[in-house]
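Per my numbering, the sequence shown starts with residue 2, numbered consecutively.
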Amino acid sequence: MKIAAFDIGGTALKMGVVLLHGEIILTKSAEISGSDGEQILAEMKVFLAENTDVTGIAVSAPGYVNPKTGLITMGGAIRRFDNFNLKEWLEAETGLPVAIENDANCALLAEKWLGKGQELDDFLCLTIGTGIGGGIFSNGELVRGGRFRAGEFGYMFSERPGAFRPGRYTLNETTTMLVLRRQYAELTGRPLEEITGEEIFANYDAHDAVSERLVTEFYTGICTGLYNLIYLFDPTHIFIGGGITSRPTFIAELNHHMESFGLRDTIIETATHKNQAGLLGAVYHFLQEENRHE
């Protein structure tokens, strides 16, 4: 049995064919211009036409996703997917069974299925990129929330909000790689497009004063979020994903900064599957849904 898997992002669509035990036998990606939902749908149709031997479709999608009905009430960066039922659309197009789940939840499910979370009942996943996302596995179950919005860790306050636009004090606005790049660009007078996270951290390693200050603030922001999450959910483990985790010293540096917060019981590690987590988690969710319907 082969499953077509899709991991939808605002800038790229990852596609794959996955076997029942989790082996990915084919991968493909397409760049998406301007978070264009119509382009995403078109790319999915092309991929499915090229792989007619699949027997089901698994989707990892951004935003607020109802995994039971397939309705996306808010599509994140992809406004075309607001109040759009992607499950029904794909089933009508292909006649195949379809399962859909939130992208951060898929990353967590991949960890539970084939990663470090296999034997765990209480753990969190945190993704750090242009925004902060997350997934919650508590008391042996995935936590989705009453409106499928649980795990939006990026909306936590990183500091006490002022009276004007409280949202500017959240992790999404203060503690992401995009924010780090933007701050560095402003302080050095260079265009944002020229600045990469790799450059900032290389300068941090070289003890550049600006980079040291910004990276220290970046780590403090992450630790603030982790501190709140640890006291809210009491996880035994937190697994972190995103491009920043390719830095070999990232976890050691993060744990060093966490020491000042006085929390040492929760194990903090990198996530297992990196760019393939969305595809694998979507397939695991598909298999769970199929088992429920048998």
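Beta carbons: idealized from backbone N, C-alpha and C, even for Gly.
Three-way DSSP call (helix, strand, coil) for residue i in this model
| i | result |
| --- | --- |
| residue 284 | helix |
| residue 117 | coil |
| residue 135 | strand |
| residue 78 | coil |
| residue 16 | strand |
| residue 153 | coil |
| residue 143 | strand |
| residue 160 | coil |
| residue 8 | strand |
| residue 103 | strand |
| residue 252 | helix |
Between the CA atoms of residue j and residue i - distance to the nearest angstrom
| i | j | result |
| --- | --- | --- |
| residue 68 | residue 267 | 30 Å |
| residue 150 | residue 65 | 6 Å |
| residue 22 | residue 294 | 19 Å |
| residue 134 | residue 127 | 6 Å |
| residue 43 | residue 248 | 35 Å |
| residue 32 | residue 14 | 6 Å |
| residue 234 | residue 4 | 33 Å |
| residue 139 | residue 122 | 6 Å |
| residue 63 | residue 165 | 28 Å |
Short Cβ contact (7 Å threshold) for residue i with residue j
| i | j | result |
| --- | --- | --- |
| residue 130 | residue 172 | no |
| residue 16 | residue 29 | yes |
| residue 259 | residue 224 | yes |
| residue 57 | residue 287 | yes |
| residue 34 | residue 78 | no |
| residue 86 | residue 72 | yes |
| residue 52 | residue 99 | no |
| residue 111 | residue 136 | no |
| residue 230 | residue 125 | yes |
| residue 201 | residue 212 | yes |
| residue 272 | residue 242 | yes |
| residue 6 | residue 59 | yes |
Any non-hydrogen atom of the ligand HEM within 6 Å of residue i CB
| i | result |
| --- | --- |
| residue 235 | Here there are no bound small molecules, and the ligand HEM is not part of this structure. |
Can you give, in chain order, each stretch of the beta strand (DSSP E) that sits fully within the region 18–66 and has at least 3 residues?
Taking only runs of at least 3 residues, the beta strand (DSSP E) segments lying wholly in the region 18–66 are 25–32, 57–62.
Touch check for the region 272–281 and the region 107–121: three-plus C-beta pairs under 8 Å?
yes
The region 213–223 in contact with the region 180–195 per 3-pair CB rule at 8 Å:
yes
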